[in-house]
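Residue numbers for the sequence shown, in mature numbering (1 follows the signal peptide of the UniProt record, and there is no 0): -18 to -1, 1 to 311. All residues carry an ideal CB built from backbone N, CA and C; glycine is no exception. First up is the structure itself, then whatever we jot down about it.
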Amino acid sequence: MTMRVLLALIAIFALAAASPLNPLSDAVINYINNVAKPGWTAGRNFDEHELPLLKTLACVNTTANGEYMKQNMPVKDGFFRSDLPKEFDARKKWTKCASIGEIRDQGACGSCWAFATAESITDRICINGLDKVRISSEDILSCCDWCGSGCGGGYPAKAWQYYVQTGVVTGGPYASNQGCMPYEIAPAPGHSHSLMFPREPTPPCTNKCRKGYDKTYNQDKHKGKNSYAVKGVKKAMQEIVDNGPVTAVFDLYQDFYSYKSGVYRHTTGFRVGGHVVKLIGFGNENGDDYWLVANSWNKTWGDHGLFKILRGSNECGIEDWIAGGEPVV
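Structure below.
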């Protein structure tokens, strides 16, 4: 055994034994990049003292969401296309829909389930040529009382159904003054979080548009035609190519906080909870098939707010619970 291999093994065992080690530490980042070398690069997205805040970003019970989808969402049927491209980026196909590449910021709130759904709906409304609106993540977060627990987490499957059954109003990001109901929670670190109680409270549902908006809450509603689950890697690829971005749920591990580039796969650290994101494309990098994904942690995180994750092996459960829907035309 060479000295280099011996030192690498010592580093691995030392890291495994050091469970109290902060997953945001330089030691963990160096381990990922220089010892594990998993095909993705780690870097500093957050300071070590922000770890308590990051625990609020996990926003879905993956098992409960999956059970709800199995019982309440139809699986989309249809013929499988044999001419799928090897690489696809929805931003490049639908260039007039700038929303596809926009990265929102959920702040210190477990609202990723509302964000990913609102973003996908926004993109699909634009793709269908109906309007260049921004669907309100806050309307889903605050006003769908049966979708979950607001900033305490929720279910994207129910959010899609809320869009169909009730409709969702428009609303831009924090302090944008855009649409009926803009997002009220500041980008994290926010205006009221502390390391002791980091999660923001869920904004109350007022069923009213902001002051000065030219429509009523009910007039501003956009409704969906349907919502559905998408099963299988090829079917998910086809759905994105044909109809636009979809939502996906995956298991969030501590090492994901430090993702910077490359094709992510879980490498080290504990499971934190479930996370919901928007799939906007796919491709291959250095022999690894990947999904191209938009996160909701600001453009300062990851690869300008985006990340790639291994495709075809259900990495972190990313291919289990994919959902989409069509707008009313």
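Scanning the segment 75 to 120 for uninterrupted alpha helix (DSSP H) segments of 4 residues or longer gives 94 to 109, listed from N- to C-terminal end. With respect to the 8 Å criterion, P185 and E120 are classified as neighbours on the basis of their beta carbons. Counting along the chain, K52 sits inside the alpha helix (DSSP H) bounded by residues 44 to 54. Buried is the label assigned to R86, since at least 16 other Cβ atoms lie within 10 Å of its Cβ. Within the segment 14 to 39, the complete beta strand (DSSP E) segments at least 3 residues long are 22 to 24, listed from N- to C-terminus. Between the beta-carbon of A305 and that of V223 there is about 17 Å, and that puts the pair past the 8 Å contact cut. The Cβ-Cβ distance between A100 and V150 falls below 8 Å.
Between C41 and G194, the CB-CB gap reaches or exceeds 8 Å. Annotation: E301 to G48 spans about 11 Å, alpha carbon to alpha carbon. If you look at W273, you'll find it in the beta strand (DSSP E) that goes 270 to 276. Scanning its chain for C-beta atoms nearer than 7 Å, with the 5 sequence neighbours on each side dropped, one finds around V310 the residues K205, G206, K207, in chain order. Take the alpha-carbon of I262 and the one of L288: they are about 10 Å apart. In the structure shown, F289 falls within a strand segment according to DSSP collapsed to helix, strand and coil. Annotated three-state conformation of S295 is coil, per DSSP. Boundaries of the alpha helix (DSSP H) around N225: 215 to 225.
Your pair S243 and T38 does not check out as a contact, with CB atoms roughly 25 Å apart and the cut at 8 Å. Assignment of G134 by DSSP, reduced to helix, strand and coil, places it in the helix class. Contact annotation: the segment 223 to 240 touches the segment 105 to 120, with at least three C-beta pairs closer than 8 Å.
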